[in-house]
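The opening position of the sequence shown corresponds to residue 1 in full-length UniProt numbering, with each subsequent residue numbered one higher.
Just below is one structure, and these are the notes that go with it.
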Amino acid sequence: MSNSPLHAFFVGRALSEAIAEEVEYTLTHALSNFGKADAEQQERLKNFPQMVLDRATAAESAARTGNPSPASPVANPPARDLQETLDDLRAEIAQLRSELQKYRSRST
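Shown next, in the form of structure tokens:
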């Protein structure tokens with residue numbers, strides 16, 4: 001019986017350490033994914049003006065030569081895939097906000 005409180009102490013300590021590690025892993029993983037998504041979005045935004053200018057130049061030269069321009073990817077976007085991607089990103093952002101709020105409320 002005298003070892004029971006000591007054993008409970010070590011079990012509690014191990015449990016709290018394991019929970020802290022899981023929270024740290026989850027938060028790190030979520031922030032990493034958020035960072036990757038942010039970097040990819042910035043890269044796409046950086047390349048967007050050049051892509052628009054390239055398409056405009058191609059359409060202009062096609063109009064000058066009288067050739068009909070091929071169907072532009074902008075004219076027929078894969079709306080479902082894009083919408084799914086946006087929904088996934090919104091869900092991840094909402095999850096990250098929730099995790100950050102929980103973290104902030106625990107740290108204060």
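No residue lacks a Cβ here, since even glycine has one placed at the ideal position from N, Cα and C.
Predicted model only: the values in this text are computed from it and were never measured.
Residue i, enclosing alpha helix (DSSP H) - first and last residue
| i | result |
| --- | --- |
| residue 47 | 3 to 65 |
Residue of the options minimising C-alpha distance to residue i
| i | options | result |
| --- | --- | --- |
| residue 103 | 7, 25, 8, 10 | 25 |
| residue 30 | 97, 105, 83, 20 | 97 |
| residue 100 | 13, 28, 4 | 28 |
Residues near residue i in its chain [Cβ-Cβ closer than 6 Å; skip 5 each side]
| i | result |
| --- | --- |
| residue 22 | none |
Own chain, CB closer than 8 Å to residue i, minus 5 neighbours either side, in chain order
| i | result |
| --- | --- |
| residue 1 | Because residue 1 sits at a pLDDT of 46, beneath the cut-off of 50, its placement in the model cannot be relied upon, and the point is left open. |
| residue 95 | 30 |
Sequence-distant residues of the same chain with beta carbon closer than 7 Å to residue i, five excluded per side
| i | result |
| --- | --- |
| residue 41 | none |
Neighbour-count burial assignment, residue i, 16 or more Cβ in a 10 Å radius
| i | result |
| --- | --- |
| residue 107 | exposed |
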